[in-house]
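Scroll down for the structure; my scribbles are underneath it.
Numbering (the working numbering), first residue to last: 6 to 226.
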């Protein structure tokens, strides 16, 4: 027996009797995989932002929080230490996009929209590539490239009925020192979770906090 993955076929050489048994068995496992449409908004905001997320907690008809936390401001949910999340019923993604774009303390990074198969992993990355020196032997230097930024790794699995099990891995990587290519400090923050959603639900994940400190010196010649 040989497997033709490209064309989704089994090539079998066997007796007529075995062939009949295989022919009756294959339809029971040859099930078309369900497709899943994933829409997401990737953005960052400053602590204490007055961004109003109240549309997801009951003030919008058909859009109520059904799990996680219940708060009226984005700053509360995203600045909570240890990671925060909320599951909202109803399609509130369009309202969230409008709210992010209208908040001066928030920065929209990416709005990916991907159609994938059930059980298929989907990586979404927005950021830049940083070069780091890993081996220095004059006059040669080896540079290793590394992705730095916001990444979202999603694996949807369609369950019986109208539910989807969603495995989400969210990372926010940054660098704190790029003055020397051989001595770069990488900051890593990540959240891994698995949740069960109904068709049309919206999942909000936050809590990847970064503290930036800027030192400046001024003097008179």
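All C-beta atoms, glycine included, are put in the ideal place defined by N, C-alpha and C.
The alpha helix (DSSP H) enclosing residue i, as first and last residue numbers
i, result
"residue 46", "Looking at the DSSP string, residue 46 is not in any alpha helix (DSSP H), and its letter there is neither H nor E."
Where the beta strand (DSSP E) through residue i begins and ends
i, result
"residue 195", "190-203"
"residue 121", "118-122"
"residue 111", "111-115"
"residue 9", "7-9"
"residue 15", "14-16"
Collapsed DSSP secondary structure at residue i in the structure displayed
i, result
"residue 34", "helix"
"residue 88", "Residue confidence is low: residue 88 scores 45 on pLDDT, short of 50, so the model does not pin down where it sits. Its coordinate-derived value is still stated next. Of the three classes helix, strand and coil, the one that applies to residue 88 here is coil, per DSSP."
"residue 25", "helix"
"residue 102", "helix"
"residue 178", "strand"
"residue 127", "strand"
"residue 153", "strand"
Own chain partners of residue i with C-beta closer than 6 Å, once the 5 adjacent residues on each side are dropped
i, result
"residue 173", "159, 198"
"residue 65", "The predicted position of residue 65 is uncertain, since its pLDDT is 35 and thus under 50; a value taken from the coordinates is nonetheless stated next. The answer is none, since no qualifying residue turns up."
"residue 115", "47, 131"
"residue 128", "158"
Below-9 Å beta-carbon distance, residue i vs any chain D residue
i, result
"residue 49", "Here there is only one protein chain, and chain D is not present."
Contact check, residue i vs residue j, beta carbons under 9 Å
i, j, result
"residue 133", "residue 156", "no"
"residue 200", "residue 179", "no"
"residue 207", "residue 111", "no"
"residue 161", "residue 123", "yes"
Cutoff 7 Å; reference residue i; Cβ partners in own chain excluding five residues on either side
i, result
"residue 113", "48, 105, 106"
"residue 150", "134, 136"
Residue burial classification, residue i (beta-carbon count within 10 angstroms, cutoff 16)
i, result
"residue 101", "buried"
"residue 42", "exposed"
"residue 32", "exposed"
"residue 34", "exposed"
"residue 169", "buried"
Cβ-based neighbour list, residue i, same chain, cut-off 8 Å, excluding 5 preceding and 5 following
i, result
"residue 120", "40, 41, 42, 43"
"residue 192", "178, 179, 180, 181, 215"
"residue 9", "15, 16"
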